[in-house]
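Student:
2 protein chains.
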Amino acid sequence: MTEAELETELLTTIPLTNAMALRVGACDGTSLQLMAPLAPNINDKGCAFGGSLASLLTLACWGLARLTLSRAGHQADIYVQDSQLSYFAPVWSEVIAIASAAPDDSLHAFVDRFAQRGKARLSMVADVCEGSTLATRMTARFVALRKP
Amino acid sequence: MTEAELETELLTTIPLTNAMALRVGACDGTSLQLMAPLAPNINDKGCAFGGSLASLLTLACWGLARLTLSRAGHQADIYVQDSQLSYFAPVWSEVIAIASAAPDDSLHAFVDRFAQRGKARLSMVADVCEGSTLATRMTARFVALRKP
């Protein structure tokens with residue numbers, strides 16, 4: 086699966102991603118970047134809406150898990166189980182979310198677990214920065230189940 | 086401020102709420118209900134998208150803080166600081182989020198703190214149920230700052 090195919094999948098299956106004008110950036114095998122322009126994602130104060138940030142961060146993690154399993158030849162349904170969000174500073178420009186495996190987990194181990202059991206959990210972290218400042222951080226756990 | 090005025094404010098200042106087809110339900114002084122139909126908020130599996138759930142839960146809390154301060158005669162900018170989300174079960178019908186103060190906090194104490202200092206934090210909890218089953222729970226902290 087390519088990044089362009091992931092973008093098409095997100096835009097065609099999740100209507101809210103159209104409203105957010107979501108785009109999928111590069112996946113280097115360890116991280117994935119998603120982008121959304123500010124205008125459709127503002128709040129009452131004119132900076133990025135917390136729900137848009139939560140959505141983009143969740144999709145960045147979900148998309149990285151999806152690409153990783155797909156590129157290893159696996160078809161899975163992937164669900165978010167829980168997440169923790171910290172909003173450190175407002176975001177006043179294009180929202181760019183970058184997701185990767187959490188420091189205590191790895192995409193390689195996730196694929197191994199999934200291949201063995203047809204089910205695997207993955208701990209992830211995703212950040213939105215405003216310039217060089219960390220603006221929003223999400224840590225989250227996802228679970229992947231082999232498609233019936 | 087009435088519930089209808091809050092709904093108009095959300096729909097006119099946060100574009101994503103239009104895409105979600107958000108509606109504001111009743112506020113009884115201790116809790117606030119927000120609703121969104123399933124169709125514009127689905128994910129790839131046809132149930133409610135985690136980002137829509139996070140957005141509605143965040144707005145239910147934000148809206149309750151907004152209504153509470155407004156009805157006490159205060160104008161404030163309100164920000165989410167952090168949140169924890171647990172996704173227990175998928176949601177396959179209209180999404181209804183109900184927000185209230187967390188058990189260790191109260192709206193009354195929040196208004197008192199804000200009146201004294203022009204700044205106050207509030208711990209909140211919001212749930213989405215599917216029938217009688219708790220499907221998604223968010224706990225979160227918000228901060229309100231007197232408008233300059």
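Here the protein sequences come in this chain order: A and B. The numbering used here numbers the first residue of the first sequence as 86 and each following residue consecutively. The numbering used here numbers the first residue of the second sequence as 86 and each following residue consecutively. Where a beta carbon is used, it is the ideal one built from N, C-alpha and C, also for glycine.
1) With the cut-off set at 8 angstroms, would you say B:Gly-135 and A:Gly-136 are in Cβ contact?
2) How close, in whole Å, do the beta carbons of B:Phe-195 and B:Ala-161 come, if the pair is a contact with beta carbons under 8 angstroms?
3) Check each residue of the stretch 168 to 183 of chain A: if its Cβ is closer than 7 angstroms to any Cβ of chain B, include it; give the result in chain order.
4) Does chain B have any CB closer than 8 angstroms to the CB of A:Val-196?
5) Could you tell me which of B:Lys-130, B:Ala-229 and B:Met-209 sits nearest to B:Leu-117, measuring between CA atoms?
6) Given B:Pro-188, which residues of its chain have a CB within under 8 angstroms of its CB, disregarding the five upstream and five downstream residues?
7) Please determine if the stretch 217 to 228 of chain B and the stretch 138 to 147 of chain B are in contact, where contact requires at least 3 C-beta pairs separated by less than 8 angstroms.
8) Quick check: A:Ala-150 and A:Ala-229, are their CB atoms within less than 8 angstroms of each other?
9) Flag A:Gly-158 as yes if its beta-carbon sits less than 8 angstroms from any beta-carbon of chain B, otherwise no.
10) So what's B:Val-176 in DSSP terms, helix, strand or just coil?
11) Measure the C-alpha to C-alpha separation of A:Leu-207 and B:Ala-186 and round it to an integer number of angstroms.
12) Can you tell me whether B:Ser-178 is buried or exposed? The criterion is at least 16 other CB atoms within 10 Å of its CB, across all chains shown.
13) Under DSSP, the alpha helix (DSSP H) around A:Ser-136 begins and ends at which residues?
14) For A:Gln-201, which of A:Ile-181, A:Leu-154 and A:Ile-127 has the nearest alpha-carbon?
15) Go to A:Leu-117, then tell me how far its beta strand (DSSP E) extends in each direction, as first and last residue.
16) Of all the residues that make up the stretch 131 to 156 of chain A, which are near chain B by a beta-carbon distance shorter than 7 angstroms?
17) Please look up how many angstroms separate the CB atoms of B:Leu-192 and B:Gly-148, rounded, as I've assumed it's under 8 angstroms.
18) Rank B:Ala-182, B:Arg-231, B:Met-105 and B:Pro-100 by C-alpha distance to the C-alpha of B:Asp-212 and give the top, closest one.
19) If you count every other CB in all the chains shown that lies within 10 Å of the CB of A:Ala-121, and 16 or more means buried, which is it?
20) Just to confirm my understanding: we take B:Tyr-164, look at its own chain, exclude 5 residues before and 5 after, and list those with CB closer than 7 angstroms. What are they?
Tutor: Short version:
1) The residue given as residue 135 of chain B occupies position 50 in the second sequence. The residue given as residue 136 of chain A occupies position 51 in the first sequence. Cβ distance not < 8 angstroms, so B:Gly-135 and A:Gly-136 don't count as in contact.
2) Counting from 1 along the second sequence, the entry for residue 195 of chain B is found at position 110. Counting from 1 along the second sequence, the entry for residue 161 of chain B is found at position 76. Actually they do not touch by this definition, with Cβ atoms about 11 angstroms apart.
3) Ser-168, Gln-169, Leu-170, Ser-171 and Tyr-172
4) Here the question's residue 196 of chain A lines up with position 111 in the first sequence. No, its Cβ sits nowhere closer than 8 angstroms to a Cβ of chain B.
5) Against the second sequence, residue 117 of chain B aligns to sequence position 32. Ranking B:Lys-130, B:Ala-229 and B:Met-209 by Cα distance to B:Leu-117 puts B:Met-209 first.
6) Position 103 of the second sequence, counted from the first residue, corresponds to residue 188 of chain B. So the qualifying residues of the chain are Val-210.
7) yes
8) Residue 150 of chain A sits at position 65 when you count from the first residue of the first sequence. Residue 229 of chain A sits at position 144 when you count from the first residue of the first sequence. Closer than 8 angstroms, so yes.
9) As a first step, residue 158 of chain A is located in the first sequence; it is residue number 73 there, counting from the start. Not one chain B Cβ lies under 8 angstroms of A:Gly-158.
10) Translated into positions along the second sequence, residue 176 of chain B becomes position 91. B:Val-176: coil per DSSP, three-state reduction.
11) Residue 207 of chain A sits at position 122 when you count from the first residue of the first sequence. Residue 186 of chain B sits at position 101 when you count from the first residue of the second sequence. Between A:Leu-207 and B:Ala-186, the C-alpha separation is close to 32 angstroms.
12) Here residue 178 of chain B is taken as the residue at index 93 of the second sequence, counted from 1. Exposed, since its Cβ has fewer than 16 Cβ neighbours within 10 Å.
13) Along the first sequence, one-based indexing puts residue 136 of chain A at 51. The sequence shown places Gly at residue 136 of chain A, not Ser. It spans 135 to 156 - the alpha helix (DSSP H) in which A:Gly-136 sits, taken as one unbroken run.
14) Counting from one through the first sequence, the residue named residue 201 of chain A turns up at place 116. Selected option, being the one with the closest Cα: A:Leu-154.
15) Your numbering for residue 117 of chain A matches position 32 in the first sequence. Element bounds for A:Leu-117: 116 to 121.
16) Phe-134, Gly-135, Gly-136, Ser-137, Ala-139, Ser-140, Thr-143 and Leu-144
17) As a first step, residue 192 of chain B must be located in the second sequence, where it is residue number 107. As a first step, residue 148 of chain B must be located in the second sequence, where it is residue number 63. B:Leu-192 to B:Gly-148, Cβ: 12 angstroms. No contact.
18) Here residue 212 of chain B refers to the residue found at position 127 of the second sequence. Answer by Cα proximity: B:Ala-182.
19) In the first sequence, counting from the first residue as 1, residue 121 of chain A sits at position 36. When all chains shown are included, A:Ala-121 counts as buried.
20) The residue given as residue 164 of chain B occupies position 79 in the second sequence. Taken in chain order, the residues that qualify are Phe-227 and Val-228.
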